[in-house]
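Asker: Sharing a structure, written as structure tokens. Questions coming.
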Amino acid sequence: MPRGERPLDVGDTPLLRFAADLRKLREAAGNPVYRELSRRSHYSAPALSEAAGGRKLPTLAVTLAYVAACDGDTEVWKQRWREVAADKEAPDEPATESDAPYLGLSPFRIGDADRFHGRDALLAELREQVAARRFVGVFGASGSGKSSLLHAGLAAVARDEGVAGDGPQPILLLSPGPHPLEECAVRMAKLTGESAVVLKAEFVDDPAHLHMRIRQAFAGPVDLLLVVDQFEEVFTLCTDPVERTAFIRALVAAATAEPSRVRVVLGVRADFLGPCGDHPELREALRGGQVLVGPMSADELREAIMKPAATAGCSVETALVVRLVADASNQPGALPLVSHALRETWRRRRGIAVTLSAYTATGGIHHAIARTAETVYDGFDPKQRDVVKQILLRLTALGETTEDTKRRITLDELDDEPAVRAVLDELVRARLVTMDQGTIEITHEALIKHWPRLRSWLAADRDSLRAHRQVADDAAVWESLRRDPDALYRGIRLAQARELADSALTTRERDFLAASLAAESAQQVAVRRRIRLQRVLLVVLAVLLVITTISTVTAMNANQEIAAQRDVVLAQQVADEAVTLRTDHAALAAQLALVAYRMSPTRHNRDALISAVAIPLRGHQQDVAAIAFGPGGKLLATAGFDRHALLWDLSDVDHPKQLASIEASKDTIDAIAVSPDGRLLATGGRDRVVRLWDLSNVTGPMKLAELTGHTDNVFSLAFSPDGKLLASGSYDNTAKLWDVAARSELRTVTGHTDNVKPVAFSPDGRLLATGSDDMTIRLSDVGDAGPATVLRDHTDLVDAVAFSPDGRLLASGSDDQTARLWDLSAPGKKPLVLSGHTDVVSSVGFSPNGRLLATGSYDHTVRLWDVSNPGHTVESALLTGHTGAVEAAVFSPDGHTLVTASDDHTAQLWETDPARAQVRACQIAQPTITREEWAKYLPGVSYQPPC
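This is the structure in structure tokens:
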């Protein structure tokens, strides 16, 4: 019988609790003997017994093997081990920061050259380029070590022996910041003793003056080495394109003018190579002079890890070197993560040994920064945490098409309060933030990338952050102009700024907004006073005028009012007549509608004008059920119950031509779609088959394939934005996704409990919206067959769905006689109900700019809605003219033409712009309205044909 396990020592330490819980895990597994655990885990029985002995912490590998052999949760125990390891590896006394051989997040500076290792080959390449050329760009990803290479490598070599090795040379190091010419002038002034104000004025006046100033200051045989680190700041922080261009021209001119006394080296983040290429002079200067900074090789990493420790009298455990090389080798942007993890590991060292267990306790290169930042953040009280958030948000420049970057600010942008200073001191002590000569910046962009809390702050409301950044900049300008009232906000800018959270503002920014509000209030008071005075004067003048002309004015006003009222009533009557005449007397209807609109340009008469000049497409023998535009809007496809699909040429939208007629089904056609590239046509209907047609020859399309699988009527079709997928909705309660290239079914989308009617892809192609007779809409992930999002609010069958062009809104139409607008950016928010139709809302469609929504109904009308402000959607037009139910409504790609399909066997082309509708009316107006027709419809109005 095996002997019992040795009792644990008395105490309540994390290590003893860890061992006790391991023993409990073994008991829960049935108390297998250690020989059995050894067989399961492939570790020796003594090693497993010692793991639960409580005398020392086992390795992570042994711990996980023990847990797995006892059927425990390895992920839970991995975290438990790291917590105990962190407690065990914490140093008894704080390490002396100044003795650390590793810099953490801070980049290497010239004074750190003795700790800069692993880049000998790259430094030699850079020296060769700089010695041979006067303008060189150093490109690399954030965190690749560009700044360290330029400072501790190139600049240190230039200071000690010269880039070419022929003697020390002068160095000028700068980062552009928001005002690169000013920064250049300040740095040059320090180097030459000249006035920075004078130098800046010269550089602004003519960027070529930089070349002259350098020649004047360095007339000897040795060139100045001008290093511009973080050159991407000219794009992220400098908002003045004129100053940006001037700075670039100054650098290029200084390096290329003859005779030049400077060698310029730029350090640029690799994702800003494109913006650099937008400046022709910079593009030419960099041609052939680029050095790419990539990840360190395994040998270079070993050198960068071991040599600084050896210089400091420490040793690095071989297992730690192997682990670090494995974690970071060939990974771009990993160097600051490695440096920070090594610094934290060094702080947890025992004696002179830097160990793998200490490295593991830090979280490794992927978690060390976040763990350090979270530890510092957790050490603050709630008010201090708010200060941390505001400081770090101010220190981040939001990227538009690039990643977010760090931003340098001056101390005076923050409140000079004890609470702010205390938080700032702690962030600096933790090396998360760097202070230098009155400026503050995040020590390295790796903090932005790898601290989840900061990333979530930045993602929360980027528009508000940009607005706040603008307020901070404008408040600084206002302060610099001695609080000039002309620099205050007014109108829309002030209204937008008022929405910013007060807690995010500094005292200066609050004073700026308060002064802006006070100035606006004073201006409004002055305006009201001026208006009151003007009113008094107008009243006096009006009284005098009335006294002298009262009888004449009374008579004239009476006549004019009677005439105006007559015109309003007559114009409305004529407009209604025009709509009824347009089917049989198009020219007369167009002219009458135009006259009515010009007599009284009301919304009713405008809608009548648009309706009167609509162009019918006749060719189907039965109901027209569906329509689809080709790319560019020149091709239109219509589908009808007569089993035919018709193709129309809309190159001249006022004179459409039928191109082809395809017998596309054995039964009625309910659905039609054109691929985004215009090469394919898809049709579907009651015969349950989806057919694909080749549109290479639009006058004679050829059938390519038949897609089968639905067991009931195919009601709708939609191509994905990239044209690779085709979706179909069917009365068999499903939608299907088809691979267009393979002509095969990808998957069936289920979930609805009744007929699936409309289908629509989101603009990015990620979501598929389906509507159903079960009164719901489902949003399914195209790439994931997981649960769909279900939208419920309609009280009857859902007949139509459409996404807005930006994908933020979804419109739907229903048998409940309403359309609804769903805000997809606010899940759970009730949709906006659009009422007005008196029968089924059968179709919905957005204009290409997203400002208009068209809804078609079985009440024979089309309504246009202004949705530019979804919270205040209003009906903008009512279009009449169809004599049957409207089945479909689609805008052309240019947004000018709305096409509708109807049970009256026609499709209609509507010109939605009143100005263009007037032009179309005159194009239709042949023959010209006769005097007899004029007298019939416009009695008492002088004959004056409108065209």
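For what it's worth, this note's numbering labels the leading residue of the sequence shown as 27, then goes sequentially.
For glycine and all other residues, C-beta sits at the position ideal for the given N, C-alpha and C.
To which residues does DSSP link T24 through a beta bridge?
Answerer: Only positions 27 to 973 of the chain appear in the structure, and residue 24 is not among them; the question remains open.
Asker: Buried or exposed: A54, going by 16 or more other Cβ atoms within 10 Å of its Cβ?
Answerer: exposed
Asker: For the structure I just gave you, are there three or more beta carbon pairs, one from the stretch 408-415 and one from the stretch 137-157, closer than 8 Å?
Answerer: no
Asker: Give the DSSP-derived three-state secondary structure of K172 in the structure shown.
Answerer: When DSSP states are grouped into helix, strand and coil, K172 belongs to the helix group.
Asker: Where does G862 fall in DSSP's three states?
Answerer: Three-state result, G862: coil.
Asker: Kindly list the residues whose CB is nearer than 7 Å to the CB of E208, restricted to its own chain and excluding five residues on each side of it in sequence; keep chain order.
Answerer: K226
Asker: Applying the criterion that 16 or more other CB atoms from any shown protein chain within 10 Å of the CB defines a buried residue, is A729 buried or exposed?
Answerer: Strictly speaking, residue 729 in this sequence is Lys, with Ala absent from that position. Label assigned to K729: exposed.
Asker: According to the neighbour-count rule (16 or more other Cβ atoms, all chains shown, within 10 Å of its Cβ), is G293 buried or exposed?
Answerer: buried
Asker: Distance check for D920 and V700, CA to CA, integer angstroms please.
Answerer: The C-alpha of V700 lies about 17 Å from the C-alpha of D920.
Asker: Using 8 Å for Cβ pairs, my map puts V827 next to A786. What's the rounded Cβ distance?
Answerer: 5 Å
Asker: Going by DSSP, what residue range makes up the alpha helix (DSSP H) through F787?
Answerer: Where F787 is concerned, there is no enclosing alpha helix (DSSP H), although the beta strand (DSSP E) it sits in stretches over V782 to F787.
Asker: Report yes if the C-beta distance between R375 and A387 is below 8 Å; otherwise report no.
Answerer: no
Asker: Just to confirm before moving on: does the CB-CB distance between H886 and A911 stay below 8 Å?
Answerer: yes
Asker: Is the stretch 212-229 touching the stretch 165-175, taking contact as three or more C-beta pairs under 8 Å?
Answerer: No, the stretch 212-229 does not touch the stretch 165-175.
Asker: Starting from L361, follow the alpha helix (DSSP H) in both directions and report where the run begins and ends.
Answerer: L361 to R373
Asker: Can you give me the C-alpha to C-alpha distance between A5 and R52, rounded to a whole angstrom?
Answerer: No answer is possible for residue 5: it lies beyond the span of the chain, which begins at 27 and ends at 973.
Asker: In the stretch 464-548, which residue ranges form an unbroken beta strand (DSSP E) of at least 3 residues, counting only runs that do not cross its ends?
Answerer: 465-468
Asker: With a floor of 4 residues, list each alpha helix (DSSP H) that falls wholly inside the stretch 622-687, ordered by position along the chain.
Answerer: 629-638
Asker: So, using beta-carbon positions, are A690 and R669 closer together than 8 Å?
Answerer: yes
Asker: Short check: CB of H646 to CB of H908, under 8 Å?
Answerer: no
Asker: By Cβ distance below 7 Å, which residues in the same chain neighbour A45 in space, the five residues on each side in sequence not counted?
Answerer: L34, A78, G79 and G80
Asker: What first and last residue would you give for the beta strand (DSSP E) that runs through K729?
Answerer: M728 to L733
Asker: Mark A111 as exposed unless 16 or more other C-beta atoms lie within 10 angstroms of its C-beta, in which case mark it buried.
Answerer: buried
Asker: Can you give the beta carbon distance from E329 to A379, rounded, assuming they're within the 8 Å contact cut?
Answerer: That pair is no contact at about 19 Å.
Asker: Contact check, R295 vs E258 under 8 Å by CB: the rounded distance?
Answerer: 5 Å
Asker: Do the CB positions of R872 and P831 come within less than 8 Å of each other?
Answerer: Looking at the sequence provided, one finds Phe at residue 872 rather than Arg. Yes, they are a contact pair.
Asker: Look at the Cβ atom of D765, then the Cβ atom of L743, and state whether they are nearer than 8 Å.
Answerer: Their beta carbons are not under 8 Å apart, which means D765 does not touch L743 by this criterion.
Asker: Among K475, V925, W103 and L180, which has the Cα closest to the Cα of I136?
Answerer: L180
Asker: Which of the three DSSP states is assigned to S67 in this structure?
Answerer: helix
Asker: Going by the DSSP bridge assignment, what does Q934 pair with across the sheet?
Answerer: P642 and T926
Asker: Closest to D849 by C-alpha separation, out of S894, D842 and D841, would be which residue?
Answerer: S894
Asker: Verify whether the separation of the beta carbon atoms of Q256 and S201 is less than 8 Å.
Answerer: Yes. Within cutoff.
Asker: Measuring straight from C-alpha to C-alpha, what distance separates L721 and V679?
Answerer: 20 Å
Asker: Buried or exposed for R516, going by 16 or more other Cβ atoms inside 10 Å?
Answerer: Classification for R516: exposed.
Asker: Which residue from L48, P233, L570 and E76 puts its Cα closest to that of K104?
Answerer: L48
Asker: Count the other C-beta atoms from every protein chain shown that fall within 10 angstroms of the C-beta of M461, then say buried if there are 16 or more, exposed otherwise.
Answerer: Exposed is the call here.
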